[in-house]
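Student: Dumping the structure here so I can ask a few things about it.
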Amino acid sequence: AGELTLPFQKGRGGPGGWIFIIEPELHLGPHVLVPDFAGWRRERLLVEPNAAYIEIVPDWVCEVLSASTHRRDRGAKRRIYGEVGARYLWLLDPRHQELEAFVLNESGWHLIGAWASDDIASAPPFDAISIALADLWPLDRPLGFDENPQHLFTGDR
């Protein structure tokens, strides 16, 4: 959140123009979803909602994958975000230290970039800045370094 908030919400070192909310409750048609992080272009979310939930589709959604949410985030939630018209989706996987960025087009989600471990990412819609992925997990080594991943995926089975 901190990597994006200063340049894109506050306009410090970046273009500004966004509103971010951590774990917003979204009521999108018949669906109720809670993404890990979501963003709206400022012109689309003009006032703070006075309800406990938001009915405006975010322009960007980020899901942080875990053993217990991996399948749902990549499956049902990604499908619903596409159906309601969220334009960008990031899937951030701390276990593998990976970021995948998708854009929604006429045929569905299109992968526009994938970065791992110590890559420097410039991922749309926030490609006005570069993010050092290593800064997101300074104490963690990527999955595969002297560890058995089996126990990490038990929630996905």
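Just so we're aligned, residue -5 is where the sequence shown starts under this note's numbering, counting upward by one. Ideal placement from N, C-alpha and C gives every residue a C-beta, glycine not left out.
#1: Do residue 57 and residue 85 have their beta-carbon atoms positioned less than 9 Å apart in this structure?
#2: Can you list, in chain order, the residues of its chain with a C-beta nearer than 8 Å to that of residue 131? Leave out the 5 residues immediately preceding and following it.
#3: Would the beta-carbon of residue -5 fall within 9 Å of that of residue 16?
#4: Who are the near neighbours of residue 80 in its chain, counting only those whose CB is closer than 6 Å to its CB and skipping five residues on each side?
#5: CB-CB under 6 Å to residue 6, same chain, minus the five flanking residues each way: which ones, in chain order?
#6: Identify, in the order they occur along the chain, each residue of the same chain with its Cβ nearer than 6 Å to the Cβ of residue 117, setting aside the five sequence neighbours on each side.
#7: Is the separation between the beta-carbon of residue 11 and that of residue 35 shorter than 9 Å?
#8: With a threshold of 9 Å between beta carbons, is residue 51 in contact with chain C?
#9: With a CB to CB cut of under 6 Å and the five nearest residues on each side skipped, what residues in its chain are close to residue -3?
Tutor: On the basis of the data shown:
#1: In the sequence shown, counting from the first residue as 1, residue 85 sits at position 91. In the sequence shown, counting from the first residue as 1, residue 57 sits at position 63. Cβ atoms of residue 85 and residue 57: closer than 9 Å.
#2: In the sequence shown, residue 131 corresponds to position 137, counting from 1. Annotation for residue 131: 88, 91 place their beta carbon closer than 8 Å to its own, counting only its chain and skipping 5 residues before and after.
#3: Numbered from its first residue, the sequence shown carries residue -5 at position 1. Numbered from its first residue, the sequence shown carries residue 16 at position 22. Closer than 9 Å, so yes.
#4: Along the sequence shown, one-based indexing puts residue 80 at 86. Non-local beta-carbon contacts of residue 80 in its own chain, meaning distances under 6 Å to residues more than five positions away in sequence, involve 51, 52, 55 in chain order.
#5: Taking the first residue of the sequence shown as 1, we reach residue 6 at position 12. Result list for residue 6: 0, in chain order.
#6: Walking along the sequence shown from the start, residue 117 turns up at place 123. Once the five neighbours on either side are set aside, the close Cβ partners of residue 117 are 95, 107.
#7: Counted from its first residue, the sequence shown places residue 11 at position 17. Counted from its first residue, the sequence shown places residue 35 at position 41. Yes.
#8: In the structure shown, chain C does not exist; there is a single protein chain.
#9: Taking the sequence shown and counting its residues from 1, the one referred to as residue -3 is at position 3. Around residue -3, the same chain offers 125 as residues with beta carbons nearer than 6 Å, after the five sequence neighbours per side are excluded.
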